[in-house]
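In the UniProt record's numbering, the protein residues as written are 1 to 142.
Following this line, the structure appears as structure tokens:
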């Protein structure tokens with residue numbers, strides 16, 4: 001990919017409005033990337049990477065349950081790019097959809113374990129976090 005092509009991809013991604021507060025979590029950001037790949041037909045990406053960056057200061061400043069929680073998702077390492085010839089890059093989309101499902105499954109399991117801890121009165125009164133994977137709340141939370 002030439003420098004001007006990389007600039008064009010970056011400009012297309014920047015042209016999207018930023019997510020509204022509370023909508024910027026990892027799954028939402030991956031969803032935005034997926035939406036972009038469902039539309040763009042200029043390039044096919046090979047050996048590209050998705051970078052997850054975590055900013056502890058931003059996470060501490062974020063309101064509970066809102067914003068990105070300090071996590072930023074970026075497409076990086078797209079040195080191997082071919083002309084898309086007007087065709088959607090189904091290979092990249094397939095991998096991205098698998099990643100979204102994998103992370104969604106983790107989020108669902110954590111939410112289930114947290115709910116199980118609350119339901120079974122397993123939340124300590126001192127407000128410490130409970131590692132539900134070690135708690136005996138349900139078979140899937142071990």
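We put the beta carbon where it would ideally sit given N, CA and C, even for glycine.
Quiz item: Excluding the five sequence neighbours on either side, which residues of its own chain have a C-beta within less than 8 angstroms of the C-beta of residue 92, listed in chain order?
Solution: On the chain shown, position 92 is the one that residue 92 refers to. For residue 92, where only same-chain residues beyond five positions count, the Cβ hits under 8 angstroms are 37, 44, 45 and 48.
Exercise. Please state whether DSSP places residue 121 in a helix, a strand or coil.
Key: Locating residue 121 in the chain shown gives position 121, where the first residue counts as 1. Interpretation of residue 121 is limited by its pLDDT of 48, a score under 50 that renders its predicted location unreliable; the figure taken from the coordinates is listed afterwards. If DSSP states are grouped into helix, strand and coil, residue 121 belongs with coil.
Exercise. Would you mind sorting residue 96 into buried or exposed? The rule is 16 or more other CB atoms within 10 Å of its CB.
Key: Here residue 96 refers to the residue found at position 96 of the chain shown. The residue is buried, with at least 16 neighbouring Cβ atoms inside 10 Å.
Practice problem: Please list the segments of the beta strand (DSSP E) lying wholly inside the segment 44 to 109, counting only runs of 3 or more residues, in order along the chain. | Solution: Along the segment 44 to 109, the beta strand (DSSP E) occurs as fully enclosed runs of 3 or more residues at 49 to 54, 71 to 76 and 80 to 83, listed in sequence order.
Self-check item: Supposed contact pair residue 74 and residue 99 - C-beta distance, whole angstroms, cut 8 angstroms
Solution: In the chain shown, the residue the question calls residue 99 occupies position 99. In the chain shown, the residue the question calls residue 74 occupies position 74. Contact doesn't hold; Cβ gap of about 14 angstroms is too wide.
Quiz item: Under 9 angstroms, do residue 84 and residue 40 count as touching if we go by C-beta distance?
Solution: Indexing the chain shown from 1 puts residue 84 at position 84. Indexing the chain shown from 1 puts residue 40 at position 40. Yes, the Cβ-Cβ distance between residue 84 and residue 40 is below 9 angstroms.
Quiz item: Just how far apart, CA to CA, sit residue 88 and residue 27?
Solution: Here the question's residue 88 lines up with position 88 in the chain shown. Here the question's residue 27 lines up with position 27 in the chain shown. Answer to the nearest angstrom: the Cα atoms are 21 angstroms apart.
Practice problem: Answer yes or no: the CB of residue 54 versus the heavy atoms of the ligand SAH, is any distance below 8 angstroms? | Solution: This structure lacks the ligand SAH; in fact it carries no ligand of any kind.
Practice problem: Indicate whether residue 103 and residue 30 have their beta-carbon atoms separated by less than 9 angstroms. | Solution: By 1-based counting over the chain shown, the position of residue 103 is 103. By 1-based counting over the chain shown, the position of residue 30 is 30. Yes, the Cβ-Cβ distance between residue 103 and residue 30 is below 9 angstroms.
Quiz item: Thinking C-beta only, is residue 71 closer than 9 angstroms to residue 55?
Solution: On the chain shown, position 55 is the one that residue 55 refers to. On the chain shown, position 71 is the one that residue 71 refers to. In contact: residue 55 and residue 71 (Cβ atoms closer than 9 angstroms).
Exercise. Label residue 77 either buried or exposed according to how many other C-beta atoms from any shown protein chain fall within 10 Å of its C-beta, with 16 as the threshold for buried.
Key: In the chain shown, residue 77 corresponds to position 77, counting from 1. Taking a 10 Å sphere around the C-beta of residue 77, we find fewer than 16 other C-beta atoms and assign the residue as exposed.
Exercise. Please classify residue 27: does DSSP put it in a helix, a strand, or coil?
Key: Residue numbering aside, residue 27 sits at position 27 when the chain shown is read from its first letter. Helix, per DSSP.
Practice problem: Express the C-alpha separation of residue 110 and residue 94 in angstroms, rounding to a whole number. | Solution: Your numbering for residue 94 matches position 94 in the chain shown. Your numbering for residue 110 matches position 110 in the chain shown. When only Cα atoms are considered, residue 94 and residue 110 end up about 25 angstroms apart.
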